[in-house]
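Novice: If you're matching positions, the sequence shown starts at 1 in full-length UniProt numbering and goes up one per residue. Handing you a structure now.
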Amino acid sequence: MTMAVPCLDFFPRPLELLATESSMESTKTLELGTLVFLLVRMFMPINKARRGLTQAHYFLRHRKQCTSSSTLLFHPPNPSHRGLGLLGPPEVHHDHPSTSVDHHLTIKDPFMDLLLSGSFDKQKFMPPIPYSERQQFQFPHPCIDLYQWGNDQQSLNTLKFLLEKSWNHNSLTTLKIICFLRKKIPPRKDGKEKFFASLLWLYKCHPKSLAYNLEVFAKFGYLKDLLEILYRLLYGYEIRKYEFFERREIITMKNYKKAKLKYSKIIEEPPGEKQMTMRLRDQKRILMAKKAIEKYNNDEDYSFLYEHISDIFARLLKSDLEFLNTGQIDKISLAAKWCPSLDSSYDRSTLFCESVARKLFPYDSDAEYREIEEAHYVYRVRERLRKQVLIPLRKALELPETYMSRREWRRLPYDRVPSVAMKTYKKLFFKHDDWRIRSHLRYLKRSVKPKFNFSRLLPHEILSLLNYAFGEEIAEYHWRRVVEDFSSKGCFHNCISIFSSAPWYNFSNFCYAFSLLTSEFCESPWKGKMAVRNASFDVDFIKIEGEDLRSKLKTLKSHDCICVTVSEILDKVINMALECNLSTDKMIKKIFIFGNTVLSLQETNESESMRKKFEMNGYVIPHIVCWDLKFCWIPSVKSADDMTFIYGCSNDIFRVFLEGDGNLDPVAIMDVELSGEEYNKLVVHD
Numbered sequence: 001m002t003m004a005v006p007c008l009d010f011f012p013r014p015l016e017l018l019a020t021e022s023s024m025e026s027t028k029t030l031e032l033g034t035l036v037f038l039l040v041r042m043f044m045p046i047n048k049a050r051r052g053l054t055q056a057h058y059f060l061r062h063r064k065q066c067t068s069s070s071t072l073l074f075h076p077p078n079p080s081h082r083g084l085g086l087l088g089p090p091e092v093h094h095d096h097p098s099t100s101v102d103h104h105l106t107i108k109d110p111f112m113d114l115l116l117s118g119s120f121d122k123q124k125f126m127p128p129i130p131y132s133e134r135q136q137f138q139f140p141h142p143c144i145d146l147y148q149w150g151n152d153q154q155s156l157n158t159l160k161f162l163l164e165k166s167w168n169h170n171s172l173t174t175l176k177i178i179c180f181l182r183k184k185i186p187p188r189k190d191g192k193e194k195f196f197a198s199l200l201w202l203y204k205c206h207p208k209s210l211a212y213n214l215e216v217f218a219k220f221g222y223l224k225d226l227l228e229i230l231y232r233l234l235y236g237y238e239i240r241k242y243e244f245f246e247r248r249e250i251i252t253m254k255n256y257k258k259a260k261l262k263y264s265k266i267i268e269e270p271p272g273e274k275q276m277t278m279r280l281r282d283q284k285r286i287l288m289a290k291k292a293i294e295k296y297n298n299d300e301d302y303s304f305l306y307e308h309i310s311d312i313f314a315r316l317l318k319s320d321l322e323f324l325n326t327g328q329i330d331k332i333s334l335a336a337k338w339c340p341s342l343d344s345s346y347d348r349s350t351l352f353c354e355s356v357a358r359k360l361f362p363y364d365s366d367a368e369y370r371e372i373e374e375a376h377y378v379y380r381v382r383e384r385l386r387k388q389v390l391i392p393l394r395k396a397l398e399l400p401e402t403y404m405s406r407r408e409w410r411r412l413p414y415d416r417v418p419s420v421a422m423k424t425y426k427k428l429f430f431k432h433d434d435w436r437i438r439s440h441l442r443y444l445k446r447s448v449k450p451k452f453n454f455s456r457l458l459p460h461e462i463l464s465l466l467n468y469a470f471g472e473e474i475a476e477y478h479w480r481r482v483v484e485d486f487s488s489k490g491c492f493h494n495c496i497s498i499f500s501s502a503p504w505y506n507f508s509n510f511c512y513a514f515s516l517l518t519s520e521f522c523e524s525p526w527k528g529k530m531a532v533r534n535a536s537f538d539v540d541f542i543k544i545e546g547e548d549l550r551s552k553l554k555t556l557k558s559h560d561c562i563c564v565t566v567s568e569i570l571d572k573v574i575n576m577a578l579e580c581n582l583s584t585d586k587m588i589k590k591i592f593i594f595g596n597t598v599l600s601l602q603e604t605n606e607s608e609s610m611r612k613k614f615e616m617n618g619y620v621i622p623h624i625v626c627w628d629l630k631f632c633w634i635p636s637v638k639s640a641d642d643m644t645f646i647y648g649c650s651n652d653i654f655r656v657f658l659e660g661d662g663n664l665d666p667v668a669i670m671d672v673e674l675s676g677e678e679y680n681k682l683v684v685h686d
């Protein structure tokens, strides 16, 4: 009769063949752990010894739970409880000594202090903001407050107030704005923090809307964002700040250790420091597992969300395996990349690999699972997740991180590197594989082709066609179409444009194109002219010379951009109108000033005096539109009397601007930014 030895089926066959009744009886006097380690040392090849010792160590950790005091035979638990809940590592279910340690052996660990003190549980999610701070959010459209809040560097405490107002006004738009925060705002602008804080608010107030829209949220960021939600629900939404300071202390300790090694003869190592560090590490791992199990068992909303997230990963991994087996590599998702590795940070804190493994390899999927303990079952399915799912899929994906960790820079397939990864690791690629990365970039530069939707070309996109071979004729054709289209609609009639910023600013081509466009729709004396400064440094209008689009663009670029004030341009307009004795219908209606324009209080007072000057001569002062071209993550519009200020730029904003005859409002900008197929998949459930 052969005895059932747990975990030996994961060792190589020579070790398994030795696990017979006779061999075990001949070694009864040996301690079980010593036997396993000796067998691994004797019969395993050197290149597999490290893995075998790790498996043997895992088996020893399961020994108390998997065996009785007198025999190694298993007693399987009730099958009705199989696969439910979380089990965690075996140490969680053992009795452990007190977590308090001697003062002379204490190593400062901020994370452990917070974990033991329970301050995460007592931490308030978002304290209410004072009424004085609420008064600045008094727009008629509550969703606009939340939308434009992403641009501000305000505290997260204001978020709860804005989310509640926006949700009560339009819950679906609120969900879109939350996704917009993740998609548009970069991490250095606290975009991730604002996004996760909003998701935690959803968890507190609308858990079903959060759970049923998880896949949509992941498409605006990464699949690992779903794991980050669980992590922050366990330890508080500010846990990353605590970990940042903890890493700084670790770096300081490493520098101290280097100095200690250098002057080891002077500084003596405290007794038991290594043992204390190992003990703290084990205690931290056990406490994290206990906290994850306790949260899962006691919080129904958390377990509901947890199961939805693990279902998403399990479903994606299962479909990816089918694509891998059928050779459809291009259809494989990145679930294998973002799924936590065994004993990684996310796995230790949330026990996520256990949940995914149980769903991929359920208890009823294999008859062998019925004869083993649940702890052994969990161990085996976790190993199957690693060996049969994650490793093959990651190998098929050819992830750059895999080659980088192995230092196989010469084998890295640059054609499979995503644009985000290329931007992140560009310096490392140039450092370790300079020649290949430069060759790859030269190839991309030669093979790139313009991607335009010719049916809806914007004016600055038409100018971009001039940079390509045989693009001049296409640009001329589409330019005539745009001019005829706007002329028939009567758009931008008697409007002038001034480009008052350096040509290297963002979207300078749009300013050149729009200046050419508006000059076509003006009547004499403004038609075909542009504003420049003459020899006496006064503002003047000169004719844009050129017979074709390229020559006109060359004329625009040959003149330096002028820095003008509103009073200067208005004064020039009223003087030209009086000189030419223009009627009111031929007067300039709008003046567009593009550039990084900031008006001072003195200029505002001068514009008031200019308004009186226009009214005295029977004219209406033109509406001033100042468009700040400085890049802004969230475009916004502010209006005051006869002036409009626009901040930020994008092709979608330009399209709405042109279709609306130069009129923009905050709601229109928000609707444009929140449009798209990915936003339409969001659904409100509670």
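Beta carbons are placed, not taken as given, at the ideal position from N, Cα and C, and that holds for glycine.
What alpha helix (DSSP H) runs, 4 residues minimum, are completely inside the stretch 405-446?
Specialist: Listed in chain order, the complete alpha helix (DSSP H) runs (minimum 4 residues) inside the stretch 405-446 are 419-432.
Novice: Comparing C-alpha positions only, which one of Phe217, Lys176, Asn297 sits nearest to Leu234?
Specialist: Comparing Cα-Cα distances from Leu234 to each of Phe217, Lys176, Asn297, the minimum goes to Asn297.
Novice: Under 8 Å by Cβ, that's how I've got Asp661 and Cys491 pegged, so tell me the actual separation to the nearest angstrom.
Specialist: Right, the Cβ-Cβ distance comes to about 5 Å (below 8 Å), so this counts as a contact.
Novice: What residue range is occupied by the uninterrupted alpha helix (DSSP H) comprising Trp479?
Specialist: Per DSSP, Trp479 belongs to the alpha helix (DSSP H) from 472-489.
Novice: Within the same chain, show all residues whose beta-carbon is closer than 7 Å to that of Val381, passing over the 5 residues directly before and after it, in chain order.
Specialist: For Val381, where only same-chain residues beyond five positions count, the Cβ hits under 7 Å are Ala357, Arg358, Phe361.
Novice: Taking the Cβ atom as the reference point for each residue, do Leu175 and Phe195 lie within a distance shorter than 9 Å?
Specialist: No, the Cβ-Cβ distance between Leu175 and Phe195 is not below 9 Å.
Novice: What residue range is occupied by the uninterrupted alpha helix (DSSP H) comprising Ser508?
Specialist: Run containing Ser508: 508-520, per the alpha helix (DSSP H) assignment.
Novice: Touching or not, the stretch 426-437 and the stretch 458-472, by the rule of three or more beta carbon pairs under 8 Å?
Specialist: Too few Cβ pairs lie closer than 8 Å, so no.
Novice: Can you confirm whether the stretch 278-295 touches the stretch 198-215 when touching is taken to mean that 3 or more C-beta pairs between the two stretches lie within less than 8 Å?
Specialist: The stretch 198-215 is not in contact with the stretch 278-295.
Novice: Opposite Arg533 in the DSSP bridges: which residues?
Specialist: Val539.
Novice: Label Pro413 either buried or exposed according to how many other C-beta atoms from any shown protein chain fall within 10 Å of its C-beta, with 16 as the threshold for buried.
Specialist: Classification for Pro413: exposed.
Novice: How many angstroms separate the CA atom of Leu305 from the CA atom of Asp671?
Specialist: Whole-angstrom Cα-Cα distance: 30 Å.
Novice: By Cβ distance below 6 Å, which residues in the same chain neighbour Leu146 in space, the five residues on each side in sequence not counted?
Specialist: Contacts found: Leu162, Ser166, Ile177.
Novice: Provide the residue span of the beta strand (DSSP E) that contains Cys649, from first to last.
Specialist: Premise fails: Cys649 is in no beta strand (DSSP E) and is neither H nor E.
Novice: Buried or exposed, going by whether 16 or more other CB atoms sit within 10 Å of the CB of Gly33?
Specialist: Note that Gly33 scores 44 on pLDDT, short of 50, meaning its location in the model is unreliable; the coordinates nonetheless yield the value given after this. Per the 10 Å Cβ criterion, exposed.
Novice: Smallest Cα separation from Ala197: which of Arg232, Phe220, Ile653?
Specialist: Cα-wise, what sits closest to Ala197 is Arg232.
Novice: What does DSSP give as the partner residues of His623 in its beta bridges?
Specialist: The partner list for His623 (beta bridge, DSSP) reads Lys590.
Novice: Hey, how far is the Cα of Ile309 from the Cα of Leu342?
Specialist: Their Cα atoms are separated by approximately 17 Å.
Novice: What are the boundary residues of the alpha helix (DSSP H) that Phe499 is part of?
Specialist: Premise fails: Phe499 lies in the beta strand (DSSP E), 495-499, not in any alpha helix (DSSP H).
Novice: Thinking C-beta only, is Phe486 closer than 9 Å to Ser497?
Specialist: Not a contact, by the Cβ cut-off of 9 Å.
Novice: Quick check: what's the CA-CA separation for Val101 versus Leu287?
Specialist: In this prediction, Val101 scores a pLDDT of 38, lower than 50, which makes its location untrustworthy; the coordinate-derived value is nonetheless stated afterwards. C-alpha separation (whole angstroms): 15 Å.
Novice: Within 8 Å, do at least three Cβ pairs link the stretch 467-479 to the stretch 544-555?
Specialist: Yes, the stretch 544-555 is in contact with the stretch 467-479.
Novice: Pull the bridge partners of Ala640 from the DSSP assignment, please.
Specialist: Per DSSP, Met643.
Novice: Please report the distance separating the alpha-carbon of Lys184 from that of Arg394.
Specialist: Cα to Cα, the separation comes out at about 28 Å.
Novice: Just to confirm my understanding: we take His559, look at its own chain, exclude 5 residues before and 5 after, and list those with CB closer than 7 Å. What are they?
Specialist: Counting only Cβ-Cβ distances below 7 Å, and skipping sequence neighbours, we find Val532.
Novice: So what does Asp628 bridge to, in DSSP terms?
Specialist: Paired residue(s): Tyr647.
Novice: For His685, which residues from the same chain have a beta carbon less than 7 Å from its beta carbon, with the 5 sequence-adjacent residues on both sides left out?
Specialist: Closer than 7 Å at Cβ, skipping near neighbours: Lys208, Ser209, Tyr212.
Novice: Specify whether the stretch 572-582 and the stretch 614-623 touch according to this definition: at least 3 beta carbon pairs, one from each stretch, less than 8 Å apart.
Specialist: They touch, by the three-pair rule.
Novice: Between which residues of its own chain and Pro392 is the CB-CB distance below 7 Å, once the five residues before and five after are set aside?
Specialist: So the qualifying residues of the chain are Leu324.
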